[in-house]
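Okay, so the sequence shown: first residue is 6 according to the numbering used here, each after it adds one.
Think of the CB as a built atom: it goes at the ideal place given N, C-alpha and C, for glycine as much as any other residue.
Here the structure is a predicted model, which means the values were calculated and not measured.
Heads up, the thing below is written out as structure tokens.
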Amino acid sequence: MIISFEGIDGCGKSTQIQLLIQYFTARGETCVTLREPGGTEISEKIRSLLLHETDEMNSVTELLLFSAARSQLITEKIQPLQQSGTVIILDRFFDSTTAYQGYGRESAAIEAIEFLNRLATHHTEPDLTFYLKIDPEKAAARNTSQNYDRIEKEGVGFFKKVTEGYDQLAELHKRIHTVDASLTPEQIHLLVTGIISDFRQS
Ligand code: TYD
Numbered sequence: 006m007i008i009s010f011e012g013i014d015g016c017g018k019s020t021q022i023q024l025l026i027q028y029f030t031a032r033g034e035t036c037v038t039l040r041e042p043g044g045t046e047i048s049e050k051i052r053s054l055l056l057h058e059t060d061e062m063n064s065v066t067e068l069l070l071f072s073a074a075r076s077q078l079i080t081e082k083i084q085p086l087q088q089s090g091t092v093i094i095l096d097r098f099f100d101s102t103t104a105y106q107g108y109g110r111e112s113a114a115i116e117a118i119e120f121l122n123r124l125a126t127h128h129t130e131p132d133l134t135f136y137l138k139i140d141p142e143k144a145a146a147r148n149t150s151q152n153y154d155r156i157e158k159e160g161v162g163f164f165k166k167v168t169e170g171y172d173q174l175a176e177l178h179k180r181i182h183t184v185d186a187s188l189t190p191e192q193i194h195l196l197v198t199g200i201i202s203d204f205r206q207s
């Protein structure tokens with residue numbers, strides 16, 4: 006089973022992922038969490054280029070690099086884990102590319118990005134996606150880090166466009182569940198585990 010978490014920077018994904026790992030572990034289930042971009046040696050090298058490169062990066066180059074990191078993660082880690090029946094928790098997946106590179110950067114037409122997503126994922130899709138929705142202004146206020154990466158440096162205007170992207174995706178795909186990120190972490194966790202348990206019973 007693949008569960009992905011999505012949302013703009015500062016939406017509280019990391020806390021939810023930690024709570025979910027504890028939930029599965031307490032139930033004696035094996036689960037693995039992987040982050041995007043990253044998760045393999047090659048993908049971590051690409052991550053460092055994507056997030057910490059100081060030279061100007063063309064937006065199509067950025068789109069292709071996120072996709073390249075993903076293709077490696079899928080073939081090297083996700084496909085073998087899927088075969089072993091492990092629960093895979095993904096800290097971002099291809100919806101991030103549609104929202105950030107498609108809607109935020111407008112690097113390419115959405116159809117082209119969707120095509121690239123299918124190629125890079127080798128047609129792998131999450132069973133469930135949790136979109137933690139937060140107001141971009143509130144998210145910026147929450148993110149008090151002094152070391153913004155290349156993408157976090159974008160202004161609120163960019164994150165508003167990314168949010169529109171996520172909203173559109175959530176309307177289109179049944180697997181995406183929008184969760185109000187302004188609830189407490191415990192409330193969000195209860196909603197998330199409730200949806201997982203319903204999904205497994207269906
Ligand atoms: P990360 O430090 O993992 O941020 P977060 O904790 O918010 O997930 O950095 C990943 C950054 O890369 C984040 O700003 C979102 C961005 N991103 C894209 O723009 N496109 C993508 O396809 C992915 C996976 C991430």
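Check this for me: beta carbons of F135 and H178, under 7 Å apart or not? no
Backbone CA spacing between T102 and T129 [nearest angstrom]: 15 Å
Helix, strand or coil for I118 per DSSP? helix
Nearest to P190 by CA position, among Q87, Q21, G43, I93, is which residue? Q21
Could you name the residues whose beta carbon sits closer than 5 Å to any heavy atom belonging to the ligand TYD, keeping them in chain order? D14, E41, F71, R97, S101, T102, Y105, I156
Neighbourhood of G15 by C-beta, 6 Å cutoff - its chain only, sequence neighbours within 5 removed: A144, R147, N148
With H, G and I counted as helix, E and B as strand and the rest as coil, what does DSSP make of R155? coil
So, under 8 Å CB-CB, L68 and A113 are touching, yes? Tell me the CB distance rounded to an integer number of Å. 6 Å
Own chain residues within Cβ distance below 6 Å of A104, not counting five before or after: V167, G170, Y171
In whole angstroms, give me the CA-to-CA distance for E11 and P131. 12 Å
So if DSSP puts C36 in a beta bridge, which residue, or which two residues, is it bridged to? V92
Pull up the distance between the alpha-carbon of Q23 and that of F99, whole angstroms please. 21 Å
Terminal residues of the alpha helix (DSSP H) in which F204 lies: 190 to 206
Evaluate the contact criterion for the region 21 to 41 versus the region 70 to 84: three or more CB pairs, one atom per stretch, below 8 Å. yes
Between the C-alpha atoms of V184 and H194, what's the straight-line distance to the nearest angstrom? 10 Å
Drop a sphere of 10 angstroms on the beta-carbon of Y108, count the other beta-carbons inside from all chains shown, and report buried for 16 or more, exposed for fewer. buried
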